[in-house]
Amino acid sequence: MATFCIHSYPFSFNLQILIFLFFTAKPISSFALQNNPNFDPYISLFGDARVENGSSNVILTRSHAPSSGLLLLDKPFKFVGEPVSFSTEFTFSLSPGNADGLALVFVPNGFQTRFTSQGSFGLFGENMYLGIEFDTQKDDKVGDFNANHIGIDINSLESIKVSNLSSSSMVLNNGEPLKSWVDYDSSSKLLQVRLSTFDSKRPFSPILTYSIDLLEMWGTKDVFVGIISTSINGSSFSDVYSWRFRVRHVLNSMHSLPANPHKDSDGFRAGKNKFCAFTFLAGLIFGTGCGALFAFMVLFMWAILVSRHSVFPVECQVSPEEFRYEMVDVVVEKDNQFDKN
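Laid out in structure tokens, this is it:
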């Protein structure tokens, strides 16, 4: 990640700006997005984030340098000792220029009270935050290999896992709207990141996958979620067009101990016996009915086929006929003239 200076003090892309905006600054507006169907109703705008007149999207950065803006969900979520899964999707665009990009961040409550100038960027090991960065700057100090990648950060600006978008012919800061899905499943403990163009469907395969136990990392702390962006020289803008965040809790019964097998065993057996007898009787009646219906259909079809192919003899009445014979006399007369000759 690239760094820049405010009043001669170094600021990192998604850490100290996040600390300043997240816990010290007051929100500019908490109702600007309440009537926008593309955003959750409880989202506050911090820093330079704004909704301009007649626009439905949020602009996170301004034209002056440096500039930073934050979208923050007002209501945190917590694990409360239970596994929690979450899904979020958002649409954004990054214009060309010398900007750091955009990041989706998860920060536990009390993060700012333990922030000091010691440790890795002022953080100790127990103050764990999670970030999914859409990075458009190549910073050799944190091991960035190009200026077009997605990375997963845990308590450090150095990504623990990176996906090179140049290999998939996708460009983060070409000004075109992109859509991202970030999902965490508590049962498999998998964090998945997907990315596509705005007019494409949700990809089947994630572009980035990482195994992590967030319950172990955060425990019962309240966790805040935000989208942050910074601009170094003011020549680029970051826009967010939509953002939805959903949490799914896993029921305690799925992780409870097995029931006592000796409790109410007699009543359970009696009920089970009654249920089995009723099931057997119902099955017997049903089977008998089906058998009778099948036999009737067979007989009916047999009767139809036999009636079509039967041959019946035709009886003809024979009666005697009488024939009468008569004697016929044939007289041949000789020609007298012929005799004279």
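Residues 99 to 439 (the numbering used here) are what the sequence shown spells out, left to right.
Each residue gets a CB set at the ideal place from its N, CA and C atoms; glycine is no exception.
Three-state class that DSSP yields for residue i in the structure shown
| i | result |
| --- | --- |
| A245 | coil |
| S257 | coil |
| G152 | coil |
| T386 | helix |
| I157 | strand |
| V269 | coil |
| K370 | Note on K370: pLDDT 48, under 50, position unreliable in the model; the coordinate value appears next. It is helical. |
| V396 | helix |
| F322 | strand |
| F175 | strand |
| L377 | It is Thr, not Leu, that sits at residue 377 in the sequence shown. The answer is helix: DSSP assigns T377 an H, G or I state. |
| A147 | coil |
| I402 | helix |
| P359 | Note that P359 has pLDDT 42, beneath the 50 cutoff, so the model's placement of it is unreliable and the number below is only indicative. Coil, per DSSP. |
| S351 | Low per-residue confidence applies at S351: pLDDT is 44, beneath 50, and the placement is therefore not dependable, though the value from the model is reported in the following sentence. Helix at S351. |
Span separating the alpha-carbon of residue i from that of residue j
| i | j | result |
| --- | --- | --- |
| W316 | P135 | 31 Å |
| A245 | K236 | 5 Å |
| M395 | F343 | 59 Å |
| F296 | L276 | 5 Å |
| S267 | F184 | 29 Å |
| I310 | N271 | 29 Å |
| S278 | S193 | 17 Å |
| F392 | L379 | 20 Å |
| A201 | G229 | 6 Å |
| K259 | Q132 | 35 Å |
| E187 | F137 | 10 Å |
| D233 | I250 | 11 Å |
| F384 | F398 | 21 Å |
| I402 | G387 | 23 Å |
| V269 | P164 | 23 Å |
Per DSSP, the bridge partner or partners of residue i
| i | result |
| --- | --- |
| S329 | S165 and A197 |
| G229 | V203 and D251 |
| N136 | Per DSSP, none; premise fails for N136. |
| W341 | F137 and F188 |
| S298 | None; S298 has no bridge partner. |
| L391 | Partner(s): none; L391 has no beta bridge. |
| Q290 | D281 and T307 |
| L170 | S142 and G324 |
| S336 | L192 |
| S183 | R346 |
| L263 | DSSP, once it has assigned bridges, lists no residue as partnering L263. |
| L276 | F190 and T295 |
Same chain only: Cβ atoms within 7 Å of residue i, ignoring 5 sequence neighbours per side
| i | result |
| --- | --- |
| N155 | D337, V338 and Y339 |
| K176 | T318, K319, D320 and V321 |
Residues of its chain near residue i, where Cβ-Cβ distance is below 8 Å and the 5 sequence neighbours each way are ignored
| i | result |
| --- | --- |
| P174 | N207, D320, V321, F322 and V323 |
| V178 | T318 |
Sequence-distant residues of the same chain with beta carbon closer than 6 Å to residue i, five excluded per side
| i | result |
| --- | --- |
| Q290 | D281, P304 and T307 |
| C103 | Low confidence applies to C103: its pLDDT is 34, below 50, so where it sits in the model is not reliable enough to give any reading. |
Exercise for review: Say whether the region 192-205 touches the region 303-322, bearing in mind that this needs 3 or more beta-carbon pairs closer than 8 Å, one atom from each stretch.
Suggested key: yes
**Study point:** At least 3 beta-carbon pairs within less than 8 Å: the region 333-343 vs the region 146-163
**Key:** yes
Review point. If you pair each beta-carbon of the region 282-301 with each one of the region 139-149, do three or more pairs fall below 8 Å?
Key: no
Review point. For the region 256-264 against the region 302-309, are there 3 or more C-beta pairs whose distance is under 8 Å?
Key: yes
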